[in-house]
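Here the sequence shown is numbered in the UniProt record's numbering, starting from 1 and rising by one per residue. Here's the structure, in structure tokens; my notes come after.
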Amino acid sequence: MQSSKTVTLTMAGCLRGASLCLPGLPGVIVFGMVFGTVAAQKGLTLLETALINSVVFAGASQFVAMEVYSDPVTWGVLIAMVGVTTAVNMRMLLIGASLRPWLGQVPAGLTYPSLFFLTDLNWLLALREYDKGERDWGLYLGSGVFLWFVWSLAMLPGYFFGSIVSDPKVWGLDVVMPAFFIALIMPLWKGRRQTMSWGIAGLVALVTWSLFGGYWSILTGGIAGALAGAYLDE
Numbered sequence: 001m002q003s004s005k006t007v008t009l010t011m012a013g014c015l016r017g018a019s020l021c022l023p024g025l026p027g028v029i030v031f032g033m034v035f036g037t038v039a040a041q042k043g044l045t046l047l048e049t050a051l052i053n054s055v056v057f058a059g060a061s062q063f064v065a066m067e068v069y070s071d072p073v074t075w076g077v078l079i080a081m082v083g084v085t086t087a088v089n090m091r092m093l094l095i096g097a098s099l100r101p102w103l104g105q106v107p108a109g110l111t112y113p114s115l116f117f118l119t120d121l122n123w124l125l126a127l128r129e130y131d132k133g134e135r136d137w138g139l140y141l142g143s144g145v146f147l148w149f150v151w152s153l154a155m156l157p158g159y160f161f162g163s164i165v166s167d168p169k170v171w172g173l174d175v176v177m178p179a180f181f182i183a184l185i186m187p188l189w190k191g192r193r194q195t196m197s198w199g200i201a202g203l204v205a206l207v208t209w210s211l212f213g214g215y216w217s218i219l220t221g222g223i224a225g226a227l228a229g230a231y232l233d234e
């Protein structure tokens, strides 16, 4: 059985993980640049922007935090920024749990630090390859580190020349990442009942977005899909 394979960590696995991210890089780079633009418009210094982008490393929640941010930063603003970042990133609890069959076999001293590099993109890649029988967790680690490196650098041109891509929709770049995610997730489909849980997640997310806008749909859709999956999936 595939699950009986020994879990390993190799440089080849890390490099393969990084290479699997290449099709999604245009979206990662563009939105990293847009964050640099937003941070510059908010009056953050280059150092502050670099620290937020690289230490938080949270994609959508960084943009939400910037919507709340104001200068000077009061305790109320700080608590609000932490709160919205936490809310949007709650999906990582579910995402991380789904990797336990694989990373649960890795020593805790290696697993927990590596979770810093967990993103939606490398999670999908790792889960897809795990289902194919992959047990070299360097694939997960390499893809995560590579994405962090690219994301950290992408904000630089956005910070200095952000007006060029201040609105990705003008260039049609806002569809790059969704299209890539759809292409990745389709091979994970395993049956009709799973389609129901996916549909419920999508419907709840769509309704939430229609009613409230913003990024709350990420949280509500993830929770709804997880609950539906617990009762409906094979």
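All C-beta atoms, glycine included, are put in the ideal place defined by N, C-alpha and C.
Same chain only: Cβ atoms within 8 Å of residue i, ignoring 5 sequence neighbours per side
i: N53; result: G32, F35, G36, A39, Q62, W151, S152, M155
Terminal residues of the alpha helix (DSSP H) in which residue i lies
i: F31; result: 25-41
i: I52; result: It is not in any alpha helix (DSSP H) - I52 carries neither H nor E in the DSSP assignment.
i: C14; result: 11-20
i: M81; result: 75-88
i: T111; result: 108-114
i: P72; result: P72 -> no alpha helix (DSSP H), and no H or E assigned at all.
i: T119; result: Premise fails: T119 is in no alpha helix (DSSP H) and is neither H nor E.
i: F63; result: 60-68
i: T45; result: T45 -> no alpha helix (DSSP H), and no H or E assigned at all.
i: G96; result: 91-98
i: G213; result: No alpha helix (DSSP H) holds G213; DSSP gives it neither H nor E.
Other residues of its chain near residue i: CB distance less than 7 Å, five sequence neighbours each side excluded
i: A224; result: I200, A201, V204
i: V88; result: A60, S61, V64, Y215, I218, L219
i: R91; result: I218, L219, G222
Same chain only: Cβ atoms within 6 Å of residue i, ignoring 5 sequence neighbours per side
i: S3; result: Residue placement at S3 cannot be trusted, given a pLDDT of 47 that sits under 50; the coordinates are not used to answer.
i: V77; result: S70
i: T208; result: W216, S217, T220
i: M1; result: For M1, the predicted structure reports a pLDDT of 37, less than 50, and the residue's modelled location is therefore unreliable. A value from the coordinates is still provided. Correct list: empty, nothing qualifies.
i: K5; result: R135
i: F117; result: G144, V145, W148
i: T111; result: L103
DSSP beta-bridge partners of residue i
i: T8; result: D136
Rounded distance between the beta-carbons of residue j and residue i, thought under 8 Å
i: D136; j: G222; result: About 27 Å separates the two Cβ atoms, so there is no contact after all.
i: T119; j: L147; result: 6 Å
i: L127; j: G24; result: Actually they do not touch by this definition, with Cβ atoms about 15 Å apart.
i: L94; j: A226; result: 5 Å
Nearest candidate by alpha-carbon position, reference residue i, set the options
i: T45; options: M66, F146, Y159; result: Y159
i: F57; options: I79, K42, S114; result: S114
i: A18; options: W198, T10, V145; result: V145
i: V28; options: G229, G43, S143; result: S143
i: L20; options: V207, L139, S197, G213; result: L139
i: E67; options: A228, P101, V7, V84; result: V84
i: A50; options: W198, P157, T195, L141; result: P157
i: W198; options: A228, L211, S210; result: A228
i: P107; options: L93, T8, Y231; result: T8
i: L141; options: P72, G104, L15; result: L15
i: K42; options: V55, M11, P72, L22; result: P72
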